[in-house]
Structures are given as C-alpha cells and as structure tokens.
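In this note's numbering, the protein residues as written are 5 to 510.
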C-alpha cells in the first residue's frame, strides 16, 4: 500500500516576513519604492487633506502611489483588484508597508491627480535625464487607440437621439398597456380563487423611463460640434469627451493615447490622451507639452529645434506639417502614397490593357464640356475641388451613356463603376508643405530616416499594451483618462531606469 506524507489544516504556522527584504535591488518594485521615497515630490498631494487637527489619519500618498505604479506594471488597473493584492500578494504588502487601503480610497486617489500627475511625470523624466537616458536628437510620435468606460450605443447626433427617445417612449407605452392587460386578467383569476404568477414588467418599465429621461436631459443641454469640413460630429452621452475610434481591431468608443519617444533608450518625454481618433492635429500639443517638460528639467526653449521627428502617415496633414515647420523640426511624415513610390516595394504585375486618359477626351471650351472617344458628353459638376494640395475641376458622364457603351472596358477603371469622370488639375496651393515632404521622404536618406520610427515607437507601445497589460481605460472624461495614460507611460520610464545602472539609489 502506498504511503503519503500526512497533512493537517488545523495546524498553526508562523511566517516571519521582513518587508524591506522583499524589495530586492534591481527589481521594478525596488525601483518604484526608491524613486517615490527619494526622487518624487509628493508635497502637492498633501494639499488635498485637511486633517491637521481633527479627522481620521489618511493613507500617505506615497504608499498609494507605490501601490498604483506596481499594479499598473502588472496590468492591474481595477481598484478592487489592487485592494485584494494588498491583502494577498507579498510584494504589494511589502510596498504598502502592510497597510491595506480599500478600493474607494485607491480609486479616488487615481482620479484626483489631475494637476499633480504632470509634475510626478517630470520627476521621473528628470531622473532619466540625469542617468543620460535621453539623446535629444531624434524623436518618434505615435499613439494607440483604446476603448474606455463609455458605451458606443450611446453615441450619435441630435437626430439619432431624437429617434432613440421616440422609440423608447413608444416601447414604454406598449409595455404599460401590456402590464394593464395582465393586471386585469390576474384580478379576474384572483376573484375566482386562483392566484397565478404575475407578469410584472415594472423593472423593465422603470429602466426604459430612466433611459428616456437621460436622453431628454442631455438633449436640453446639447451643443452640436462640427468637424473639419463642417459636418456635425457624433457625441456620447456616457462620456462626451470620448470619440469613436476606427482601428484594425474594430470600432469602439474610447481615447487616443499619444506618446513622444526619445530615440536613445525609448524614454517617453511627453504623454497625453486625446478624445479624437484622427492624428491630424496632434503634433502641436505634443511638442508644446514636451517643451514644457524639458523646461522643468532646465533645458531651453529651442531644445527640439533641428531635431528629427518621425511619425506615420496618419499624422500627414497641413496642420501637423505647419507645426513642424514653425518649430524648426526636421520632420519625416509621409503621405499615404509613399509606399507606392518606393522602388523597393514595387511589385511587378502584368501590364494591364491601356485605359483612356485625359488626353483621349476632346475639350469644348464654348460649352465647357469634354467629349469621350465614344462621342458622349462629360459635363462639369464641380468647378473647384481640392485633393491633397492640388485643386481639380471635375467632369462627369451620364450614367445611361456609360451603361451601354461598347468602350466601357477601356474607359472605366473598375467593371462595377457607374460612369466615367475626369479630374482636371487647375492649380496647387501655395507653400506646398505636403509636396515638399513627399519629395523629402522619397529620397534615400528620407526613407532610411523614416523607417527608424518602428524601432523607436513600436517597442514602447508593445511594452505598455502587451507586457504591462493596458487593453482599455477604466475611467471617464479626458482629464481622468489622461491620468491613467500618463501613469502607464511613467511606469514604462521607470522600467527604463530599472534596466539601467541604478547604483545611485542603492
């Protein structure tokens, strides 16, 4: 018969634990502990407390900050999970010095660091500068779009919410009528001595009423927002500062976390979350924020002048190019067609059948129209339209003419196209920054410089999203989401400090 070691769950075990010995030099938790205690100025956080003479003693902000930073480094964003970690995980116990703040204390601490978060980030950045982790010669700008604590179902324009409110009211009327019919039927059965289970729809009715009242209250204060071309933008009731983000992983409601990264050791010099999915206007605020951070470190106003800035094609816009030109940046921001022009990326394909071009159409100046090779007319539909930095005059043929045309295969670019149109260039914009940037990118040096972006920015977001586990923001409003994003970027920079010679802290 097999023999096993005996065990008894009723026995008592004493485990002597030295909190200080759990924080081993060279580990991330030791780095967090040392930086918070010695290098981060948390005095600004003291101003929120008014218990000098009366009131209960509060948890030290240093303890709370250590808990949050260690939690974020392990992908623990939930305040309830952080509370549980302080009760069960030895490292959290050691870092919190055996204190166990509840989840509401942790959540309030994180969401209230609106002004202080910038100075705390600058404290870590100062340590990076002192440890020679900043090169100051080349930077990469990139961002990641993450969902937040906002429902995409509550997004729309005024007309969308008016329709949603009408449907809710209609559904409420139907439910109330159904409930009244059910009540009358049950009363009749009860009078005969039978008491069947009721079909109470009260909870559902109450829920729909709350939703309808919420929409009505929101519509009373509704102020439409317009986009770059004057169209009405969708807004969100649960978090009006969030945006609809279209990504390769799907479409969701959230925020766009931006980071400006130094090329030397991939240290983030500025981080900010935006409630805007497009990156067409992010260069100016990011450079402005980075200049403020570097000014706190003692660097001059011209710190970024003549430095290299790389960003992907999402940032190619007149506003961003103008901002780079005004700041004196040596920017490399390609347009969306730059890969087609790169000879190294061209794919040899069979030569297609020659299509009709603009030269094959005859222009009649008197009637301001073109005649196609089949003898049909193309009338002017747009006098002046802009595509990139070029202005066009557009002409279009009648759909019925193209539908039965024998030359359709040689004229239309796609078999399913309805008709042929012509874009006739009539001029380009002055100070064509986009054209100058395209010419710059198409050079051998330009392509080589631009492709260094992936080695600078992509590892940062891989670290934050994959290794640190940031897959969504848990708070609402730009100010609070920005706190979470900056905290994660701060943890990334602390990791860089931890991986370097940390002898000054031991």
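Built from N, CA and C at the ideal position, the CB exists for glycine as well.
(request) State the Cα-Cα distance for the pair residue 128 and residue 90, rounded to the nearest angstrom. (result) Taking the straight line joining both Cα atoms gives about 24 angstroms.
(request) Flag this pair as touching only if the region 240–255 and the region 157–168 have three or more C-beta atom pairs under 8 angstroms; answer yes or no. (result) Contact between the region 240–255 and the region 157–168 is present, because at least three Cβ pairs lie under 8 angstroms.
(message) Can you list, in chain order, the residues of its chain with a C-beta nearer than 7 angstroms to that of residue 383? Leave out the 5 residues immediately preceding and following it.
(response) Closer than 7 angstroms at Cβ, skipping near neighbours: 373, 399, 400.
(request) Please confirm whether residue 453 and residue 312 have their CB atoms less than 8 angstroms apart. (result) Cβ distance < 8 angstroms, so residue 453 and residue 312 count as in contact.
(request) Decide if residue 70 is buried, meaning its Cβ has at least 16 other Cβ atoms within 10 Å, or exposed. (result) Burial call: buried.
(message) Quick check: what's the CA-CA separation for residue 294 versus residue 308?
(response) Cα-Cα distance, rounded: 9 angstroms.
(message) Tell me the DSSP secondary structure of residue 486 in three-state form.
(response) Residue state, collapsed to three classes: helix.
(message) Once DSSP output is grouped into helix, strand and coil, what is the label at residue 477?
(response) Residue state, collapsed to three classes: coil.
(request) Select from 84, 51, 125, 145 the residue whose C-alpha is nearest the C-alpha of residue 40. (result) Nearest neighbour of residue 40 by Cα position, chosen from 84, 51, 125, 145, turns out to be 125.
(request) Express the C-alpha separation of residue 246 and residue 347 in angstroms, rounding to a whole number. (result) Straight across, the Cα-Cα distance linking residue 347 with residue 246 is about 40 angstroms.
(request) Check whether the Cβ of residue 111 lies closer than 8 angstroms to any Cβ atom in chain D. (result) The structure shown contains no chain D; it holds only a single protein chain.
(message) Assuming contact is defined by CB atoms lying nearer than 8 angstroms, are residue 103 and residue 67 in contact in what I supplied?
(response) Yes, the pair counts as a contact, with Cβ atoms nearer than the cut-off.
(request) Within the same chain, show all residues whose beta-carbon is closer than 7 angstroms to that of residue 77, passing over the 5 residues directly before and after it, in chain order. (result) Cβ neighbours of residue 77 within its own chain (closer than 7 angstroms, five residues either side excluded): 32, 472, 495.
(request) Just the C-alpha distance for residue 37 and residue 244, rounded to the nearest angstrom, thanks. (result) Across the structure, residue 37 and residue 244 are spaced so that their CA atoms are roughly 37 angstroms apart.
(message) Just verifying my parser: in three-state terms, what is the DSSP assignment at residue 395?
(response) Under the three-state reduction of DSSP, residue 395 is assigned to strand.
(request) Could you check how far apart the C-beta atoms of residue 65 and residue 49 are, in whole angstroms? I think they sit under 8 angstroms. (result) Rounded to whole angstroms, the Cβ separation of residue 65 and residue 49 is 4 angstroms, and the two are in contact under 8 angstroms.
(message) Quick check on residue 149: does DSSP put it in helix, strand or coil?
(response) Three-state result, residue 149: strand.
(request) Let me know if residue 480 comes out buried or exposed under the rule of 16 or more other beta-carbons within 10 Å of its beta-carbon. (result) With at least 16 other beta carbons inside 10 angstroms of its own, residue 480 counts as buried.
(request) Scan the region 312–359 and note each continuous beta strand (DSSP E) run of 3 residues or more that stays entirely inside, going in chain order. (result) Those beta strand (DSSP E) runs which fall completely within the region 312–359 and span 3+ residues are 312–315, 334–336.
(message) At the level of alpha carbons, what is the spacing between residue 261 and residue 181?
(response) Approximately 48 angstroms, taken between the alpha carbons.
(request) Any chance you could list the alpha helix (DSSP H) runs of at least 4 consecutive residues sitting entirely within the region 50–123, in chain order? (result) You should have 65–77, 83–92, 94–99, 107–115.
(request) Could you check if residue 2 is buried or exposed, using at least 16 other CB atoms within 10 Å of its CB as the buried criterion? (result) The displayed coordinates of the chain run from 5 to 510. Any statement about residue 2 would go beyond what the structure contains.
(message) Quick check: what's the CA-CA separation for residue 332 versus residue 438?
(response) Rounded to the nearest angstrom, the two C-alpha atoms are 16 angstroms apart.
(request) For residue 490, collect the residues of the same chain with a Cβ closer than 6 angstroms to its Cβ; drop the 5 residues on either side in sequence, then sort them by chain order. (result) The residues are 121, 125, 275.
(request) Taking residue 142 as the reference, give the member of 426, 282, 335, 249 with the closest Cα. (result) Nearest C-alpha to residue 142: 335.
(message) Tell me whether the region 310–325 and the region 281–290 touch, counting them as touching only if at least three CB pairs, one residue from each stretch, are closer than 8 angstroms.
(response) Touching, yes.
(message) On the criterion of 16 or more Cβ atoms from any shown chain inside 10 Å, does residue 99 qualify as buried, or is it exposed?
(response) Residue environment analysis places residue 99 among the buried positions, since at least 16 neighbouring C-beta atoms fall within 10 angstroms of its C-beta.
(message) For residue 485, count the other beta carbons within 10 Å of its own beta carbon; 16 or more makes it buried, fewer makes it exposed. Which is it?
(response) Under this definition residue 485 is a buried residue.
(message) Is it buried or exposed, residue 44, if we count other Cβ atoms within 10 angstroms and call 16 or more buried?
(response) With at least 16 other beta carbons inside 10 angstroms of its own, residue 44 counts as buried.
(request) Would you list the one or two residues that DSSP bridges to residue 255? (result) Paired residue(s): 250.
(message) My output table needs one value for residue 261: the three-state DSSP class, helix, strand or coil.
(response) Of the three classes helix, strand and coil, the one that applies to residue 261 here is strand, per DSSP.
(request) Could you tell me the distance, in whole angstroms, from the CA atom of residue 465 to the CA atom of residue 148? (result) For the pair residue 465 and residue 148, the Cα-to-Cα distance works out to about 7 angstroms.
(request) Can you tell me which of the three DSSP states residue 171 falls into? (result) If DSSP states are grouped into helix, strand and coil, residue 171 belongs with the helices.
(message) Less than 8 angstroms between the C-beta atoms of residue 145 and residue 327, yes or no?
(response) The answer is no: Cβ separation not under 8 angstroms.
(request) Would you kindly work out how many angstroms separate the C-alpha atoms of residue 501 and residue 123, rounded to a whole number? (result) Roughly 18 angstroms separates the two Cα atoms.
(message) Starting from residue 373, trace the beta strand (DSSP E) in both directions and tell me its first and last residue.
(response) Annotation for residue 373: the continuous beta strand (DSSP E) segment containing it runs 373–375.
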